[in-house]
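Colleague:
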Amino acid sequence: MDFPILSSIIILPTIGAIFILFGRSSSNYNAAKYISLFVSLANFVLSLYLWYEFDKNSSGFQFVEQRVWLKDFINYKVGIDGISVLFIILTTFITPLCIISVNSTIKYRLKDFLVAILFMETMMIGVFCSLDLVIFYLFFEAGLIPMFLIIGIWGGERRVYSAFKFFLYTLLGSVLMLVAIITIYWMTGTTDVVELYQIGINPKFQNLLWLAFFSSFAVKTPMWPVHTWLPDAHVEAPTAGSVLLAAILLKMAGYGFIRFSVGLFPIASEFFVPLVFGLSLIAIIYTSLVALMQEDMKKLIAYSSVAHMGFVTMGIFTMTPEGIEGSIFQMISHGIISAALFLCVGVVYERMHTREISKYGGLVSVMPRYAIVFMVFTLGSLGLPGTTGFVGEFLILLGTFKVNFLVATIASLGVILGAAYMLWLYRRIVFGEISNSEINKLKDLNKSEMIILSLLAFTSIIFGFYPDPLLSTTSASVESLINLFNSNLNIYTAGKL
Amino acid sequence: MEKLIIFLPLFASIISGFFGKKIGNKASQITTSLFVSIAALLSIYLFYDVIINGYSSNVIIAKWISSGLLDVNWSIKIDQLSAIMLVVVTLVSAIVHIYSIGYMSHDPHQPRFMSYLSLFTFAMLVLVTSDNFLQLFFGWEGVGLCSYFLIGFWFKKPSANSAAIKAFIVNRVGDFGFALGIFLIFYIFGTVNYEQVFNQVVLYEDNNLKFLGLEFNSINLICFLLFIGAMGKSAQIFLHTWLPDAMEGPTPVSALIHAATMVTAGVFLVVRCSPIYEYSPIILNFITIIGMSTALFAASIALVQDDIKKIIAYSTCSQLGYMFFATGVGAYNIAMFHLFTHAFFKALLFLGAGSIIHSFKDEQDIKKMGGVYKHLPYTYSFMIIGTLALTGFPFLSGFYSKDLIIEFAYLKGNTVGYYACAIGIFTAVLTSVYSWRLIFKTFHGNYNNKNQSISSVHESPLVMLLPLIILAIGSILSGFIFKDLFIGHGNFINFWDGSIFFLEPLSAEHPPKYILYLTPVLVTISIPFSYYIFLKNKSFINGLVNSNRPVYLFLKNKWYFDELYEILFVKSSKILGKYFWKKIDGLVIDRFGPDGLSNLFKYFSIKATKFQTGFIYQYAFVMLIGFSLILTIIIIK
């Protein structure tokens, strides 16, 4: 590949953002909107092309680009394998939808908002392509800034508290990761991921380093007990912010677990499996129960995100092909479904200006189209076969069952709870008699809402029935990751004997 | 042709669901009914082909999930078992579709209703024609979903919504077991394809595995877990609570889903997995016990209920119990036989009840009916036929299938078998009593409805009565005609080959004559008996109720299962959820986490500001102390 396609995908949104930022008319929002929409759509098309060109049968990194940045220290190195390509597509798919949804949700400083979104897209794609720890760290952290601003500027009443909480948590986690990255450089003399895979890191230090990375990823996943920032952040964030947060930002952590925790520190990963399983189980059961009792729609969905991400972390650390592929699939699926659920909440929030569940009821009579799409995502979220939610959850549980019966059994209970809180939410919002007279005035979905939501619904159903395009993309890379993991482990145990 | 049978209902559902508003009520009713009827005719033809020519096929439609070792396809498998299910499902479905045209004629959401019905039919067909456990699970959850939609069809009624959610969640509890069963199957056999699994079972007969520190036989564990799923779907005791509540849905739904098809999926599952179950005698006994307990328990509740649909619902529950104990004693084919005949007479009873409810303008309480047999002659006769068939009156369909179940329970020859046989006979009597109670209270005696006059009670329209004729014929004849086929007598000795597996062939002996005659005789006697106690001499019943008040209340309140579950699961989850949320998230994590941290900073910065008093002498004092400290350190060093 001569054409630097990855770098183009990374940089394109930023170029768009610069155009908007320095565009002449400050009042003309339409221009800004069209530019951002155009740029993000172009990026989506580019990433689809990338997927098309991607060789599914090869497990190595493809489209690798390498440039010297600081001589003998840091190289700008990007490349993708079967694991990252899907996340890139998820990012470029969700971003334009967010931009369309912005239309009606953001009332002031729209231009700045679009700039923040586009800038964030760049950072997130960067995260998924980086093959150098320092580059990864930069993208990873820089991606938080726009999110921080989105919550802090366009958020609700308690936006400052939430933004602060978000920042405090993520910052504390990241500092440790930075220390770990520096340590790795001292020990091995490189921060190149591919090289590190081959060299391997001294087993003596793996546990500490693993914990340092873990602290950062666990906060962003988020895992119990560092999850409390998420519901607050979601509640205060504007719809588009929630969507990006749930759909993509959380996935950076899951991706990090696969690429770095498992890939770089296999021995520590094996050592910490009980910890991860324990925390994941708590996340699944505990947050599902908490979700059951929520009175705020967004908080409910936020808590359900924690539960779903609990499945993801559990699946990754099964170290089985089913578990890891399931986790990747679940992340994609959750990206689509949670994005859609937050959009659904946004739709009614804009009309009613409340997220309190008890203020709703009987929506189906006035908003039948809304009722249908919302139902599709409710079913997706509770993991009904035929939606993407099922495939991911099923594969994860299947993988977990291979490793540990008890963990899989307890986690399966979460599936029952998932049905309980989602159906109950749906029933309280959509079904029943209309008790609040405001509801009678509501209008059904408008054209742009319909387009966004049906696109997401369609995607979720199509890949629920035919998940093969996604699964076959990841399988070779996942397999090589597991081989790497096992060979490391074997060498280690052989050395011990 | 298989593809056509399965996809016609799906197309019907899509047309009616998405374009229902455009094409109108009539068009969507006709499309869905027509498509499903065609599917029914095709399946009857297919069934014929299977019987006569031994046709069987396994078509693979597309790849579904492939990851690691797991490799699952969308498929259509036709064999004896699925052919029978195809006939039952599409035939009853077609009848219910046509019946609904009349029954739902005043409803504002008719296309949606028809669309759900067709979608249900599709999901059920996917379930029965699967060639692997995962697609079965898809259909399994799919029918559960449609059942959820249809129970909650009248979305304004809070009770309907609760019932719908309850049905879904109780089923999920069963599915939890089912899913674990599938995981275990995959873990042991490395595949979820029926054929590959069944071929390997014998190799793992003595395979044990550890769970929670205990050793289990893997085959037993698989059978047990799958059966949990079956219990949920087929409303067996402990997981039955959703079925009576499901009667909140429109009556045609109850006939199709909660009598003839979906609830029998559990039985189908056990029969389909006979090659596994045959290696697990312990679990088979367990199934027998659950089955007979359900049969007895549900019949006892049905005795005292007053809601016409709830009586029939408990009756369904009880009959499903019969089917299970038939599978438990290894008579899978007889279970299928009862499933087959039950589909006719139970659908007939439900649709008949629907016709009664329709005539009484949505009244369901049998205390508020009575004396109307002259006004509803057709409905009355259909109900009588259904009741006779259900109770096992000689030579009607239920007679053949139910007596065979009791016979084979006896022939099983072990303690559980004898118990099952005895309870089967006793339950048959109970069944007869509560069924005739329903008939006598509804049609005979005095007219008890104060809301409308007896003259306004009128017969249902033709479109509702005609479909009942087919079911009535089925209820009368299906037992006699198909008994040889299902038992495997005469020409059909090898009929089940390949689709049902018997480790040892079923006993060909006959039980003692008195067992054979006992049930029909008791059932026949119970008719005049019921007539006497429910119509002629009501003081007897009243006396019985008054002298045994606690027992009566226990039955009336359905053994208090709902109340118990409410406390055990619903309330406790809510309390736990609230505790985690408010106490642990709020008071522990946040307080000592981010809020604690920020308070800590705040605390120190306030302390630090207190230091900045602005008085020179204080600063000078601090400087002095600092200097002397530094000096001291240097000197000491």
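So the sequence lines, in the order shown, correspond to chains A and B.
According to this note's numbering, the stretch in the first sequence is residues 1 to 497, in order.
According to this note's numbering, the stretch in the second sequence is residues 498 to 1134, in order.
The beta carbon of each residue, even a glycine, is placed where N, CA and C say it ideally should be.
These figures come from a predicted structure and were not determined experimentally.
Of all the residues that make up the stretch 1058-1086 of chain B, which are near chain A by a beta-carbon distance shorter than 7 Å?
Modeller: Listed in sequence order: S1070, K1071, L1073, G1074, K1075, F1077, W1078, D1082, I1086.
Colleague: Taking the alpha carbon of B/S929 as the reference point, which residue from B/I662, B/F1112, B/S1027 has its own alpha carbon closest?
Modeller: Here residue 929 of chain B refers to the residue found at position 432 when the second sequence is read from its first residue. Nearest C-alpha to B/S929: B/S1027.
Colleague: Taking the Cβ atom as the reference point for each residue, do A/F140 and A/S215 lie within a distance shorter than 9 Å?
Modeller: Numbered from its first residue, the first sequence carries residue 140 of chain A at position 140. Numbered from its first residue, the first sequence carries residue 215 of chain A at position 215. Not in contact: A/F140 and A/S215 (Cβ atoms no closer than 9 Å).
Colleague: Is any beta-carbon of chain B found at less than 9 Å from that of A/Y29?
Modeller: Taking the first sequence and counting its residues from 1, one reaches residue 29 of chain A at position 29. Not one chain B Cβ lies under 9 Å of A/Y29.
Colleague: Taking the CB atoms as reference points, tell me whether A/T459 and A/T409 lie closer together than 9 Å.
Modeller: The residue you call residue 459 of chain A lines up with position 459 of the first sequence. The residue you call residue 409 of chain A lines up with position 409 of the first sequence. Cβ distance not < 9 Å, so A/T459 and A/T409 don't count as in contact.
Colleague: List the residues of chain A that B/L1094 touches, going by C-beta distances under 9 Å, in chain order.
Modeller: In the second sequence, counting from the first residue as 1, residue 1094 of chain B sits at position 597. Result: L168, L172.
Colleague: By a C-beta neighbour count over all protein chains shown, 10 Å radius and 16 as the cutoff for buried, is B/I1064 buried or exposed?
Modeller: Here residue 1064 of chain B refers to the residue found at position 567 when the second sequence is read from its first residue. By the 10 Å Cβ count, B/I1064 comes out exposed.
Colleague: Residues in the same chain with beta-carbon distance under 7 Å from A/S288, minus the five sequence neighbours each way, listed in chain order, please.
Modeller: Working through the first sequence from its first residue, we reach residue 288 of chain A at position 288. Cβ neighbours of A/S288 beyond the five flanking positions: A307, G414, L417, G418, Y421.
Colleague: Got a sec? Which residues, its chain only, sit under 7 Å from A/F148 by beta carbon, not counting five neighbours each side?
Modeller: Looking up residue 148 of chain A in the first sequence gives position 148. Cβ within range, chain order: A163, F166, F167.
Colleague: Give a yes or no on whether the C-beta atoms belonging to B/V533 and B/L614 are separated by under 9 Å.
Modeller: Position 36 of the second sequence, counting from 1, holds the residue named residue 533 of chain B. Position 117 of the second sequence, counting from 1, holds the residue named residue 614 of chain B. For B/V533 and B/L614, yes; Cβs fall inside 9 Å.
Colleague: Could you spell out the range, first to last residue, of the alpha helix (DSSP H) harbouring A/N75?
Modeller: As a position in the first sequence, residue 75 of chain A is number 75, starting the count at 1. Counting along the chain, A/N75 falls outside any alpha helix (DSSP H), though it belongs to the beta strand (DSSP E) covering 74-80.
Colleague: Go through its chain and collect everything with a Cβ distance to B/F708's Cβ below 8 Å, but skip five positions before and after it.
Modeller: Taking the first residue of the second sequence as 1, we reach residue 708 of chain B at position 211. Correct list, in chain order: L718.
Colleague: Grouping DSSP H, G and I as helix and E and B as strand, with all else coil, what is B/V569?
Modeller: If you number the second sequence from 1, residue 569 of chain B lands on position 72. Note: B/V569 maps to strand in three-state DSSP.
Colleague: Determine the chain A residues that contact B/L642 at a beta-carbon separation under 8 Å, and present them in chain order.
Modeller: For this step, residue 642 of chain B is matched to residue 145 along the second sequence. Those are L379, L384, listed as they occur along chain A.
Colleague: Distance, Cα to Cα, B/L441 vs B/L622?
Modeller: Missing from the structure shown is residue 441 of chain B; chain B here goes from 498 to 1134 and no further.
Colleague: Nearest chain A C-beta to B/R769 closer than 9 Å, yes or no?
Modeller: In the second sequence, the residue the question calls residue 769 of chain B occupies position 272. No, B/R769 does not count as interfacial toward chain A.
Colleague: Do three or more CB pairs link the stretch 313-326 of chain A to the stretch 248-265 of chain A at distances below 8 Å?
Modeller: Result yes; three or more Cβ-Cβ pairs closer than 8 Å.
Colleague: Answer yes or no: do A/V403 and A/M319 have a C-beta to C-beta separation smaller than 9 Å?
Modeller: Mapped onto the first sequence, residue 403 of chain A falls at position 403. Mapped onto the first sequence, residue 319 of chain A falls at position 319. Yes, the pair counts as a contact, with Cβ atoms nearer than the cut-off.
Colleague: For B/A1137, count neighbouring Cβ atoms within 10 angstroms of its own Cβ and tell me buried if that reaches 16, exposed if not.
Modeller: Coverage of chain B is limited to positions 498 through 1134, which leaves residue 1137 of chain B absent and any answer about it impossible.
Colleague: Taking only beta-carbon atoms, is B/G565 less than 9 Å away from chain A?
Modeller: Locating residue 565 of chain B in the second sequence gives position 68, where the first residue counts as 1. Taking Cβ atoms only, chain A reaches closer than 9 Å to B/G565, which makes this a yes.
Colleague: Quick one: is B/E638 near chain A, going by C-beta distance under 9 Å?
Modeller: To locate residue 638 of chain B, count along the second sequence from 1; it is residue 141. Yes, its Cβ sits closer than 9 Å to a Cβ of chain A.
Colleague: Mind checking if B/A524 is an interface residue toward chain A, Cβ cutoff 9 Å exclusive?
Modeller: One-based indexing of the second sequence puts residue 524 of chain B at position 27. For B/A524, the answer is no, since every Cβ of chain A falls outside 9 Å of its Cβ.
Colleague: Would you kindly report the start and end of the unbroken alpha helix (DSSP H) that includes B/A1005?
Modeller: Position 508 of the second sequence holds residue 1005 of chain B. Note, B/A1005: premise wrong, no alpha helix (DSSP H); not H, not E.
Colleague: Contact between the stretch 794-808 of chain B and the stretch 1053-1070 of chain B: three or more CB pairs below 8 Å?
Modeller: Contact holds: three or more Cβ-Cβ distances are below 8 Å.
Colleague: Please go through the same chain and pick out, in chain order, the residues whose beta-carbon is closer than 6 Å to the beta-carbon of B/M866, but skip the five residues on each side of it.
Modeller: Within the second sequence, residue 866 of chain B is the residue found at index 369, counting from 1. These residues qualify, in order along the chain: T939.
Colleague: Which one of A/G386, A/S475, A/N490, A/I439 has the shortest CA to CA distance from B/L1138?
Modeller: A question about residue 1138 of chain B goes unanswered here, because the residues of chain B that appear run from 498 up to 1134.
Colleague: Got a sec: which bits of the stretch 548-560 of chain B sit with their beta carbon under 8 Å from any beta carbon on chain A, in order along the chain?
Modeller: Correct list: A559, K560.
Colleague: In whole angstroms, what is the alpha-carbon distance linking B/N911 and B/I716?
Modeller: As a first step, residue 911 of chain B is located in the second sequence; it is residue number 414 there, counting from the start. As a first step, residue 716 of chain B is located in the second sequence; it is residue number 219 there, counting from the start. Computed Cα separation, rounded: 22 Å.
Colleague: Take B/S553 as the anchor and find which of B/I562, B/Y691, B/I575, B/L588 has the nearest alpha-carbon.
Modeller: Residue numbering aside, residue 553 of chain B sits at position 56 when the second sequence is read from its first letter. When only C-alpha atoms are compared, the closest one is B/I575.
Colleague: Can you give the beta carbon distance from A/P266 to A/F61, rounded, assuming they're within the 8 Å contact cut?
Modeller: Within the first sequence, the letter at position 266 stands for residue 266 of chain A. Within the first sequence, the letter at position 61 stands for residue 61 of chain A. With 8 Å as the limit, A/P266 and A/F61 do not qualify as a contact, their Cβ atoms being about 18 Å apart.
Colleague: Could you list which residues in chain A have their beta carbon closer than 7 Å to that of B/V670, in chain order?
Modeller: Position 173 of the second sequence, counted from the first residue, corresponds to residue 670 of chain B. The answer, in chain order, is I416.
Colleague: Alpha carbon to alpha carbon, how far is A/Y303 from A/P231? Give it in angstroms, no decimals.
Modeller: Numbered from 1 along the first sequence, position 231 holds the residue referred to as residue 231 of chain A. Numbered from 1 along the first sequence, position 303 holds the residue referred to as residue 303 of chain A. Their backbone Cα atoms lie some 6 Å apart in a straight line.
Colleague: Below 7 Å CB to CB, which residues in the same chain sit around A/F87 once its five sequence neighbours on both sides are set aside?
Modeller: Position 87 of the first sequence, counted from the start, is the residue given in the question as residue 87 of chain A. So the list reads F128, K251, Y255, once near-sequence residues are dropped.
Colleague: Whether or not the stretch 277-294 of chain A and the stretch 458-472 of chain A are in contact is what I'm after, with contact meaning three or more pairs of Cβ atoms, one per stretch, closer than 8 Å; do they touch?
Modeller: As far as the Cβ criterion goes, the stretch 458-472 of chain A does not touch the stretch 277-294 of chain A, which means the pair count is below three.
Colleague: Give the DSSP bridge partners of A/P385, in chain order.
Modeller: What you label residue 385 of chain A is simply residue 385 of the first sequence in a count that begins at 1. Paired residue(s): A/T387.
Colleague: At a cut of 8 Å, does the stretch 208-228 of chain A reach the stretch 60-76 of chain A through at least three beta carbon pairs?
Modeller: No, they do not touch.
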